[in-house]
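Student: The structure under discussion is supplied below as structure tokens; questions concerning it will follow.
Protein chains in written order, with our numbering: chain A, 90 to 209; chain B, 2 to 115.
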């Protein structure tokens, strides 16, 4: 697609419920990232995929959070037993190649519009 | 100490002035630095990236990197009301050798007064 697409744009749920957030990266981008952004803060890293595998999930806050990318394209972030503290904007980003620390425009991360999750 | 620090602002400048946004980072040896702009309720969009010490210019924007002092700044010349947004500094921290993600500051809110 032309850009990173995230659905739904807004999700309201009740405490204790299960939610799934979807991300469709830019076509051809092998790297996919999930971030979480709370009000007044910058995005906070959650998990990174290279292809189908989760190369780094060190940012996931606890085992209620899980993400998959079964075919190396679309990814789903899953949150079990939601808590009010999970309320935030969940951002997905993709890049052509992984960010390896050196120069190159190929590892620039492009963000989707995000999913605003509200846990009541 | 946060790994990437920014003054939250708001930074208020008159239209046509130069806006100067600063960011410091804790991990000496970090190599990749990015500035994103985020309008309220919208996703971050890349403004500039810089890897080498010195200045990098792109239109009205100039990124400045000083690795010895561990800071990176963004200058916006001829500021316009449409530049009013939150500017996020993002760093690929050297210590995160296995991580391919960015560490963001909390952002500086810029207000350009007409």
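Backbone N, C-alpha and C define an ideal beta-carbon position, used for all residues, glycine too.
#1: May I ask you to list the residues that DSSP assigns as paired with residue 13 of chain B?
#2: Verify whether the separation of the beta carbon atoms of residue 143 of chain A and residue 44 of chain B is less than 8 angstroms.
#3: Give the residues of chain B in contact with residue 134 of chain A, contact being defined as C-beta atoms less than 8 angstroms apart.
#4: Taking only runs that begin and end inside the region 53-89 of chain B, name each unbroken alpha helix (DSSP H) of 4 or more residues, in chain order.
#5: So which of A/184, A/180 and A/176 has the shortest CA-CA distance to residue 106 of chain A?
#6: At a Cβ threshold of 8 angstroms, is residue 198 of chain A touching chain B?
#7: According to a CB-to-CB cut-off of less than 8 angstroms, which residues of the region 144-158 of chain A neighbour chain B?
#8: Just the chain B side, please: which residues come within less than 7 angstroms of residue 203 of chain A by C-beta, in chain order?
#9: Taking the alpha carbon of residue 180 of chain A as the reference point, which residue from A/103, A/152 and A/136 has its own alpha carbon closest?
#10: Report the rounded CA-to-CA distance for residue 32 of chain B versus residue 50 of chain B, giving the unit in angstroms.
#11: Using CA coordinates, which residue listed in A/138, A/130 and A/172 is at the minimum distance from residue 156 of chain A?
#12: Against chain B, does residue 137 of chain A count as a neighbour if the rule is that its beta carbon must be under 8 angstroms from one of theirs?
#13: Could you give the residue range of the beta strand (DSSP E) that holds residue 107 of chain A?
#14: Could you check what DSSP says for residue 125 of chain A in three-state terms: helix, strand or coil?
#15: For residue 104 of chain A, does the count of other Cβ atoms within 10 angstroms reach 16, so buried, or fall short, so exposed?
#16: For residue 149 of chain A, count neighbouring Cβ atoms within 10 angstroms of its own Cβ and tell me buried if that reaches 16, exposed if not.
#17: Just verifying my parser: in three-state terms, what is the DSSP assignment at residue 158 of chain A?
#18: Could you give the first and the last residue of the continuous beta strand (DSSP E) run that contains residue 8 of chain B?
#19: Taking Cβ-Cβ distances shorter than 7 angstroms, what residues in chain A pair up with residue 41 of chain B?
#20: Mind listing the chain A neighbours of residue 47 of chain B? Cutoff is C-beta to C-beta under 9 angstroms, in chain order.
Tutor: In terms of the structure at hand:
#1: B/112
#2: no
#3: 100, 102, 103 and 104
#4: none
#5: A/176
#6: yes
#7: 144, 145, 147 and 148
#8: 44
#9: A/136
#10: 11 angstroms
#11: A/138
#12: yes
#13: It is not in any beta strand (DSSP E) - residue 107 of chain A carries neither H nor E in the DSSP assignment.
#14: strand
#15: exposed
#16: buried
#17: coil
#18: Run containing residue 8 of chain B: none; DSSP gives neither H nor E here.
#19: Those within 7 angstroms of residue 41 of chain B in chain A number zero; the least Cβ separation is about 11 angstroms.
#20: 197, 198, 199 and 200
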